[in-house]
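J.: Numbering of the sequence shown is given in the numbering used here, commencing with residue 543 and proceeding in unit increments. Backbone N, C-alpha and C define an ideal beta-carbon position, used for all residues, glycine too. Only a predicted model underlies this, so the values are computations on that prediction, with no experimental measurement involved. Here you go, one structure.
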Amino acid sequence: MRIRISEATYKEIIKQLSYNAREKMGIIGSSGKNVIDRFILDAEALSERYYCRLSVSNVAALFDATSFFVGIVHGHPSGKYELSDADLVYARKMICASKGPPFILMGIVSDDLLYLYWVNGSNVIPLDLLIV
Numbered sequence: 543m544r545i546r547i548s549e550a551t552y553k554e555i556i557k558q559l560s561y562n563a564r565e566k567m568g569i570i571g572s573s574g575k576n577v578i579d580r581f582i583l584d585a586e587a588l589s590e591r592y593y594c595r596l597s598v599s600n601v602a603a604l605f606d607a608t609s610f611f612v613g614i615v616h617g618h619p620s621g622k623y624e625l626s627d628a629d630l631v632y633a634r635k636m637i638c639a640s641k642g643p644p645f646i647l648m649g650i651v652s653d654d655l656l657y658l659y660w661v662n663g664s665n666v667i668p669l670d671l672l673i674v
């Protein structure tokens with residue numbers, strides 16, 4: 543599957559989420575143009591060396607009426623391009639708690655590249671990114 547992401551959004555995700563001493567996290571969204579064109583760093587996310595979680599109280603406030611949430615992105619150490627088991631458990635908990643579609647996009651930034659996955663209850667599909 544291929545998904546489109548704006549070049550500016552892609553660059554901002556890489557800039558904000560490149561792994562240093564701990565994981566960082568943000569959310570991605572779309573303004574409805576069939577392209578991921580929104581990224582917001584969750585500066586209040588619980589963040590440790592190999593673990594991070596969104597600050598749930600802030601998620602709803604991070605997007606206004608002109609955009610909608612499509613997924614979560616976070617940083618991984620160098621060479622870690624795959625979703626961890628903990629990432630998949632977290633994604634599936636988000637899906638179960640959501641009133642939205644039965645899937646979520648989960649992204650990883652590692653070695654200054656973004657890897658994006660489509661996750662539902664039983665499948666994980668790597669996505670091809672088309673930067674526009």
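Identify the residues that DSSP records as bridge partners of V651: which are they?
T.: Mapped onto the sequence shown, residue 651 falls at position 109. G617, L656.
J.: If we call anything under 9 angstroms between Cβ atoms a contact, is G701 one with G649?
T.: The chain is shown from 543 up to 674; residue 701 falls before or after that span and cannot be answered.
J.: If you follow the alpha helix (DSSP H) that D627 is in, where does it begin and where does it stop?
T.: Position 85 of the sequence shown holds residue 627. Note, D627: alpha helix (DSSP H), 627-639.
J.: Below 8 angstroms, how does it come out for the segment 630-646 and the segment 545-552: are there three or more Cβ pairs, yes or no?
T.: Contact between the segment 630-646 and the segment 545-552 is absent, because fewer than three Cβ pairs lie under 8 angstroms.
J.: Is L672 closer than 9 angstroms to I545 when the C-beta atoms are compared?
T.: Within the sequence shown, numbered from 1, the residue matching residue 545 stands at position 3. Within the sequence shown, numbered from 1, the residue matching residue 672 stands at position 130. Yes. Within cutoff.
J.: Tell whether a beta-carbon distance below 9 angstroms holds between V651 and W660.
T.: Taking the first residue of the sequence shown as position 1, residue 651 is located at position 109. Taking the first residue of the sequence shown as position 1, residue 660 is located at position 118. No.
J.: Where A633 and L669 are concerned, what is the direct C-alpha to C-alpha distance, given to the nearest angstrom?
T.: Counting from 1 along the sequence shown, the entry for residue 633 is found at position 91. Counting from 1 along the sequence shown, the entry for residue 669 is found at position 127. Distance between the alpha carbons of A633 and L669: 16 angstroms.
J.: Please state if the CB of D584 and the CB of G571 are separated by a distance shorter than 9 angstroms.
T.: Here residue 571 refers to the residue found at position 29 when the sequence shown is read from its first residue. Here residue 584 refers to the residue found at position 42 when the sequence shown is read from its first residue. The answer is no: Cβ separation not under 9 angstroms.
J.: Ordered along the chain, which non-local residues of its own chain (more than five positions away) have a Cβ less than 7 angstroms from that of D579?
T.: What you label residue 579 is simply residue 37 of the sequence shown in a count that begins at 1. Closer than 7 angstroms at Cβ, skipping near neighbours: S548, T551, S572, S573.
J.: How would you write the range of the alpha helix (DSSP H) that L559 sits in, first residue to last?
T.: Taking the first residue of the sequence shown as 1, we reach residue 559 at position 17. Segment 549-559, the alpha helix (DSSP H) holding L559.
J.: Which word fits L559, buried or exposed, when buried means at least 16 other C-beta atoms lie within 10 angstroms of its C-beta?
T.: Against the sequence shown, residue 559 aligns to sequence position 17. It counts as buried.
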